[in-house]
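K.L.:
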Amino acid sequence: MRVVQKRRVIPSTEYLLTSVLLATAALAQAGDAPGPPGPAQARSSASSPALFRTQLWHALVADPLDTSIDIGPDIRPAAYTRSRSGPTGRKAEMPTFRPEGYIRPSGGYFRVVRQPLAPLQPQQPLAPAAPPVSPLQPLQPTQPLGALGVFGQGGIMSALEALPAERAPIAQSIAPVASATSAPALAVNARPDLAQAISEEVLAVQTMWRSSISQAPFIRGFKNREIYAQLDGQYFEPVRWDLDTVVNKIDPGIVQDTIIVAGPYSVQYGPGFTFMDIVTRPTPRNQRQQYRSSMSWLPNGQQIYGRETVSGGTQDFGYRLSYGHRNGNDYQSGNGTYIPSHYNTGDILAELGYNLTPGQRIEGTYRRQDMNHTAYPGEFFDVSSLETNAFNLRYIDEDVTMPWTRMLAQGWYNSNNMTGNTFNSTKQPIVTGIEKSLTESVYPTIAKADGTPPIPADMNPNLPPLVGFSGSTVGSLMSTGGRVTAQFGELDEVSLLTGTDVRVLNQRVTEFFTINPYLPNPPFAPTPASPPSPPGNGMYPFQFSTGMPRATMVNPGAFAEMTLPWTSYFRSKIGGRGDYVDTNAYSNTVPINGPPNSAFYPTTSALPAGPLNKANGLYAFYMVNQVDITQHWSAGLSFGQSQRPPSLIDRYADGMFLGIIQSGYRRVIGDPNLQPERNWQIDAQINGNYDRWRGYLRGYNSWVNNYITYSANSVKDPTGAVLLNTLNTPLAELRGFEAFNSFDLTPRVTPFASAHYVYGTDVTINQPLTQIPPLQGFAGVRFHDPNAGRTWGLELFATMTREQNRPGILRVTGVPGAVTKPGEIEKRVGGWTIGNIRGYWNVSRNLMLSGGITNIFDRNYIQYLSLQTGPVQVLSPGISPYTSLEWIY
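Numbering (our numbering), first residue to last: 2 to 890.
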């Protein structure tokens, strides 16, 4: 399917003569056509006479003023247009056809024999033109259903083809390993977090529930910095892994589309194992001022969202201003428990674009997000505030007189500041457990008044515990960088993309804790492990801090990618990349880990001894192959190798409290000597696409050398937290599959089913990896209008998750060959099934209504990756209806 854009056109003598001439060749060829075009032919609408004939009939007979024109290489609405007054007196853009060849008989058919491009000599002055961009609209009545990208709709290929014209070739060139989702699909789901919204459309993506507004994405079991995420080319990194993610600072309401690369099959972004390429809508041109209102309402948790956007532009200038706000309260689980998950967040987006010449433009963006008073159930801290300021400037050159097809020069700067604390009453179960552990650590024995041997403190039920424990955290992260790329040739032909980029990170996290021990009166006098000297009995606080010292990362790199269409049915894409990564930490900013003269909180760093500066050279390469076996079947075989450096937290965390695994908060100690991870991966795919049936199967296997994981320290921490030491395991393996199929039972009914699975093993110790989601599947039926669901659609489906019978196991620090006990790090979680319903209705061209109900039967369940911190279990939401609206006026 070729993406077409709606343009208002007015017939003229030049237009009619050219159209009739081309139609003659198209009709002659269509008369002897053996059948529908194959997948390879369908990619080029210029060679599709049926499509051209349909468009021509609509343009000349049905409605000349409302025509879908395939904006291909023969039509130049950007650099070669002129303005003309239409019947209404308003200005309309008149496309000028450019002769690029001659009609010649060939093999019994009339064909257009193309010639090299020559500069067009206009007969009159041309008005300055805009780049070929247009404002995104809600799903139109004439837009193909595949643009929704929801489960049950056409599979991956239709989702890739539904991308905008400038984005579709990027994904289609690596179609066997890519997935996509679009703004209409995100709007239908009405999810407050982008990762959650994507996971409901892309099988390769799962999430770990952190809060209603923040869910950590997992792509085929890869997580954290193994996922490289960018927005409009800007690189994003979380301040803290437990309170922040790579995408939670991006509101779903500003996203145009997302391309997911489920493996090391791209080098144009940066070093990583998987990639999330997210873009916003481009600034419009030649558009009167337009308003866009978006709203959604989720009663479970009283979650409300609203966004107002105003946009417009002239021939050379475009702008978009947008403000969105989300607010939510604690949601209710299936058993009636209220889970602390309130949030309050707002964001501002300002975009300006200007055409320097008809083929050159600049785009500038400023984004600010403020998140306040956000609860993270089961985590050690809640977020008090998270402030993000992001600047992005791009120069884009598509001048046809230049040697390149497209050149991009970009620079960005992101600043993130976070504060959090344990002051909320919902943290009391965690705080109480810490106070009990600290009591037993600070006062290990009780001295008796009669001089008999002391007894352990935990054997005296009357011993008053330490009270007044509290904690707070501050963190900051600065990300800046730039890239310059040049593309030679179009992505659907032989082309080369080459460039260089650089990323610079500056990050620091500090945690502050205060304890107020209580000294009871004799006859039982505590014997502190490190007795302070207070003037008598009573309250006396002492403080300590943990965290990560200020650390930096500098990462320059260079890359090249080539698309190689060997034949009309066999295509390849290859790429290679090299990087240099230098990390360093400033020793004078290492947190003070305890009060003076404290035996159990030493003032020295918990980091291993040695230099903190480390430098690594990285490289990556890949090859993606896809072949059209028949008109209905295609297959792909891909392989690649990629390296990614340890994150700054991996290397320099100094006893940070992080809730990053299922069993809750843990203290993480980094290792400056960590080696980069190396992922060797192979993928195979087969895809079927018939008139009534669509389906695909993808399988993959990853072998990761120096996989970064943890060992559990056998030494008991005074707070009761398990100490996790970061390390490289020599070899880990992840393998799995994604499968999908749908069948049009009738013109109005489409059953569908899909599933995904990941199997992860630490091969070195032959134990399951942590944070691996279990087998999950979806099955349901979709009802839609007989016009392939262009006006309305309704889905009823079940989400089925199997019990994870392989809970993660870690090594025991300092004990060769020893591993943790089952259930100590991760617990088994039973399987569950919930029913769901969702749908949409395109009321008009500018108004779309959608809604649904998640967990219709109010099941009480917990997801495997959700935190279980002692008695605290982060149960999933119960019955959750929702509704949303998109209106352009």
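Each residue gets a CB set at the ideal place from its N, CA and C atoms; glycine is no exception.
Taking a contact to mean a Cβ-Cβ separation below 9 Å, would you say L357 touches L244 in this structure?
P.N.:
Cβ distance not < 9 Å, so L357 and L244 don't count as in contact.
K.L.:
Check each candidate in V625, E227, N806 and name the one with the smallest Cα separation from T564.
P.N.:
Per the Cα distances, V625.
K.L.:
Return the CA-CA distance between S703 and G637, expressed in angstroms with no decimal places.
P.N.:
Distance between the alpha carbons of S703 and G637: 17 Å.
K.L.:
Put V875 into one of helix, strand or coil per three-state DSSP.
P.N.:
Residue state, collapsed to three classes: coil.
K.L.:
Going by C-alpha distance, which of V475, G222, S215, Q777 is nearest I251?
P.N.:
Comparing Cα positions, the closest option is S215.
K.L.:
Just list the residues that DSSP pairs I662 with in beta bridges.
P.N.:
The partner list for I662 (beta bridge, DSSP) reads G665.
K.L.:
What number of angstroms, rounded off, separates the C-alpha of P878 from the C-alpha of A740?
P.N.:
So the alpha carbons of these two residues sit roughly 27 Å apart.
K.L.:
Looking at W298: is its Cβ nearer than 9 Å to the Cβ of Y883?
P.N.:
In contact: W298 and Y883 (Cβ atoms closer than 9 Å).
K.L.:
Applying the 10 Å Cβ sphere with the 16-neighbour rule, what's the burial state of Y890?
P.N.:
Exposed is the call here.
K.L.:
When the distance is taken between beta carbons, is I199 closer than 9 Å to T246?
P.N.:
No, they are not a contact pair.
K.L.:
Are W634 and N688 touching if we call contact CB-CB under 9 Å?
P.N.:
Yes, these two residues count as a Cβ contact at 9 Å.
K.L.:
For a test of the three-state rule: what should DSSP assign to Y587, helix, strand or coil?
P.N.:
Looking at Y587 - three-state DSSP - the assignment turns out to be coil, as it is neither helix nor strand.
K.L.:
Does DSSP put D651 in a helix, in a strand, or in coil?
P.N.:
In the structure shown, D651 sits in a helix (DSSP, three-state: H, G or I).
K.L.:
With distances taken Cα to Cα, identify the nearest neighbour of N249 among G761, R192, I261.
P.N.:
For the residues G761, R192, I261, the minimum Cα distance to N249 belongs to R192.
K.L.:
Measure the Cβ-Cβ separation of R807 and I863 and say whether it is below 9 Å.
P.N.:
Not closer than 9 Å, so no.
K.L.:
If we call anything under 9 Å between Cβ atoms a contact, is A263 one with A205?
P.N.:
Result yes, Cβ atoms of A263 and A205 sit closer than 9 Å.
K.L.:
Quick check: what's the CA-CA separation for E227 versus P430?
P.N.:
Looking at the two C-alpha atoms, the distance is approximately 33 Å.
K.L.:
According to DSSP, E796 sits in a beta bridge with which residue or residues?
P.N.:
Answer is R783, R839.
K.L.:
Between which two residues does the beta strand (DSSP E) holding I214 run?
P.N.:
Note, I214: premise wrong, no beta strand (DSSP E); not H, not E.
K.L.:
Measuring CA to CA, which of A552, S569, R578, W793 is closest to S588?
P.N.:
Among A552, S569, R578, W793, the Cα nearest to that of S588 belongs to A552.
K.L.:
With H, G and I counted as helix, E and B as strand and the rest as coil, what does DSSP make of A376?
P.N.:
If DSSP states are grouped into helix, strand and coil, A376 belongs with coil.
K.L.:
Beta-carbon separation of G222 and G737 under 9 Å?
P.N.:
Result yes, Cβ atoms of G222 and G737 sit closer than 9 Å.
K.L.:
Using the rule of at least 16 other Cβ atoms within 10 Å of the residue's Cβ for burial, across every protein chain shown, is G469 buried or exposed?
P.N.:
Result: exposed.
K.L.:
Which of helix, strand or coil does DSSP assign to G434?
P.N.:
Of the three classes helix, strand and coil, the one that applies to G434 here is helix, per DSSP.
K.L.:
If we ignore side chains and look at the alpha-carbon of each, how far apart do S477 and F276 end up?
P.N.:
Distance between the alpha carbons of S477 and F276 is about 24 Å.
K.L.:
Could you spell out where the alpha helix (DSSP H) holding A172 opens and where it closes?
P.N.:
Per DSSP, A172 belongs to the alpha helix (DSSP H) from 169-173.
K.L.:
Note the first and the last residue of the continuous beta strand (DSSP E) segment covering N726.
P.N.:
Its beta strand (DSSP E) spans residues 724-744.
K.L.:
In terms of residue numbering, what span does the beta strand (DSSP E) encompassing S297 cover?
P.N.:
From DSSP, the beta strand (DSSP E) with S297 extends over 288-299.
K.L.:
Around the C-beta of D383, are 16 or more other C-beta atoms found within 10 angstroms, so that it is buried, or is it exposed?
P.N.:
Classification for D383: buried.
K.L.:
Take E352 and list the residues in its own chain whose beta-carbon comes closer than 6 Å to its own, dropping the five residues that flank it on each side.
P.N.:
T284, R321, T366.
K.L.:
Pull up the distance between the alpha-carbon of Y623 and that of I171, whole angstroms please.
P.N.:
When rounded, the distance between both Cα atoms is 15 Å.
K.L.:
Should the stretch 760-780 be called in touch with the stretch 713-727, which here means at least 3 C-beta pairs below 8 Å?
P.N.:
Short answer: they don't touch.
K.L.:
Check whether the Cβ of I214 sits closer than 8 Å to any heavy atom of the ligand COA, and report yes or no.
P.N.:
Absence of the ligand COA from the depicted structure is noted, as is the absence of any ligand whatsoever, leaving it without description.
K.L.:
Output the boundary residues of the beta strand (DSSP E) element that contains S885.
P.N.:
That run of the beta strand (DSSP E) goes 881-889.
K.L.:
Taking the alpha carbon of V178 as the point to measure from, which residue in I220, S881, A561, G490 has its own alpha carbon closest?
P.N.:
Ranking I220, S881, A561, G490 by Cα distance to V178 puts I220 first.
K.L.:
If you pair each beta-carbon of the stretch 689-703 with each one of the stretch 805-822, do three or more pairs fall below 8 Å?
P.N.:
With a cut-off of 8 Å, the stretch 805-822 and the stretch 689-703 do not count as touching, because too few Cβ pairs lie within range.
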